[in-house]
Amino acid sequence: MKNLRIILFLVFISAFVNAQNFEFTSNKKYEEMSFTSVGNLIFIPVIVNGVPLNFVLDSGVNKSVVLNLSGKDSLKFDHQEEIYLKGLGKKEPFIAIHSKHNEMHIGNLLDLDHEIFIVLDEEINFSKRLGVTVHGIIGFDLLKDFVVQINYDKKKLRFYPYENYKKKKLGKRETEIPLVFKNSKPYVNLRVELNNEFRDIDVLLDTGNSDAIWLFKNDSLSVPERNFEDFLGKGLSGEIHGKRSKVNSLLLNDFELKEVKCAFPDEEYFSFAKKYEERDGSIGGEVLSRFQVTFNYRDMWLRLKKSNKFRKDFYYNMSGIRLGHNGVKIIEEKKGDRSNQFIEKGSKGFTVFFQEQLKYRLADALEIVELRAGSPAAEAGLRVGDVILFVNRTLIEGQSMEQVHQLMNTIAGRKIRVVVDRRGEVLKFKFVLQKVL
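The sequence shown maps to residues -19 to -1, 1 to 418 in mature numbering (1 follows the signal peptide of the UniProt record, and there is no 0).
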């Protein structure tokens, strides 16, 4: 019987920390690469053991995770042991593979001894919700080796070797915040005005959270009276629900953001994490994307430089519709990606093989996967499972999921006309966008 261990996805124990490092394969002063941004998340191309994949850059994780494996060829891992992982959500721990000695390329950055946790459960798949293929997640293992600069406006990342980075004097639009590390994850101390009272909060700096702020309810952090129930997101262990509201203000040193969106997940979805991590919540991409962000893990500081988005209002989904990719009514393009996989175990490891299948252009079929109760779209008669065909006479074929979301969430008071396919029947609906909170 194999020795199976349970590891919390959010709290990998320190015994796993090793000497793996990324290094430059060129003589450049820094490595710059473009990234794809969807819903304030950062997607970067990586190559694992010779196979190109698409990863989320997530400062909230301290080990690399591979899931939703996809590629034209097999992807081989050195098989070390089977473990159990547990993430945010209510589902029980699930089996994963802990693999060492993997080769990972990210642009001109190379790690020849990368540690990876491989999730083989095909139900753990974020691609449908995000509209982008997600093969994995990387955080501390990459961010610790460089000074990392994120330019959300230009969608550019820069990685500086510590010896090449020249720290400049703070400008008027900049501030610097100390970083504190717990379990190899970065935390910052901020100040929030909640229910008309100011409180200090210790929050995880989480580029893998697309929301503005998440706060965990306790005696000093209560949900404001004006709130609504909502689906908050999906973790490795299932869906997460809770309440959404706004805080009066968020202070990042002298920088103040007003009426900031804030989610309060129900305790049942994160109670296990509270046993291992003392924190008040997390700060995510909807706040961070209003700045040019620079991390320095070695010297333990974070720099924020205001962008033109700094004063942009925070607003909630005004239609009440959350879209996802429909895996049925989509258009065939070419062969290559897999829908099924099988595993061949050998004496030194295992290989994941992919059954060749048809690749589909996902943007052509967007369905309603969540519909907020009492929202304009729900009151108009739309339902979960409806496939969107037109929005205000705009054919959505060829539009990204983010573009369609924007069409339906522009200005409060705007009339929206939607044509949908409901199990083969074409139906028309109209509603008016309403500001939430």
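Idealized CB from N, CA, C, for every residue including glycine.
Predicted, not measured: the structure shown is a model, and the values here were computed from it.
Collapsing the DSSP output to three states places Pro74 in coil. In this structure Ile76 is exposed. Its beta-carbon is surrounded by fewer than 16 other beta-carbon atoms within 10 angstroms. Phe58 and Glu84 have their C-alpha atoms spaced approximately 10 Å apart. Using a C-beta cut-off of 8 Å, the region 132 to 139 makes contact with the region 259 to 274, since at least three inter-stretch Cβ pairs fall below that distance. Counting C-beta atoms within 10 angstroms of its own C-beta, Gly262 has 16 or more neighbours from the protein chains shown and is therefore classed as buried.
Within its own chain, the residues whose Cβ lies closer than 7 Å to the Cβ of Gly301, once the five positions on either side in sequence are excluded, are Leu352, Arg353, Ser356, Pro357, Ala358, Ala359, listed in chain order. When the Cα atoms are used, Glu178 and Lys215 turn out to be separated by approximately 31 Å. With 16 or more other CB atoms across the displayed protein chains lying within 10 angstroms of its CB, Ile105 is buried.
Residue environment: Ile392 is assigned as exposed (fewer than 16 neighbouring CB atoms within 10 Å of its CB, all protein chains considered). Between the C-alpha atoms of Phe98 and Gly265 there is a straight-line separation of about 24 Å. In summary, Val399 is buried, with 16 or more beta-carbon neighbours lying within 10 Å of its beta-carbon over all protein chains present. Look at Asn30 here: in three-state DSSP terms it is coil, with no helix or strand label. Taking C-alpha positions only, Gln384 is separated from Glu62 by approximately 42 Å.
Within the same chain, Val228 come within 6 Å of Leu175 by CB-CB distance, once the 5 residues on both sides are set aside. Two segments are said to touch when three or more pairs of C-beta atoms, one from each, lie closer than 8 Å; by this definition the region 227 to 245 touches the region 289 to 304. Around Ile28, the same chain offers His86 as residues with beta carbons nearer than 6 Å, after the five sequence neighbours per side are excluded.
The C-beta distance from Phe276 to Leu283 rounds to 6 Å, short enough to meet the 8 Å contact threshold. Remark: C-beta atoms of Leu66 and Ile221 do not approach each other more closely than 8 Å.
Between Gly189 and Ile118, the CB-CB gap stays under 8 Å. Taken through DSSP and simplified to helix, strand or coil, Asn43 comes out as coil. The continuous beta strand (DSSP E) containing Asp211 extends over residues 209 to 216. For the alpha helix (DSSP H) assignment, the uninterrupted runs of no fewer than 4 residues enclosed by the region 99 to 176 are, from N- to C-terminal side, 108 to 111, 121 to 124.
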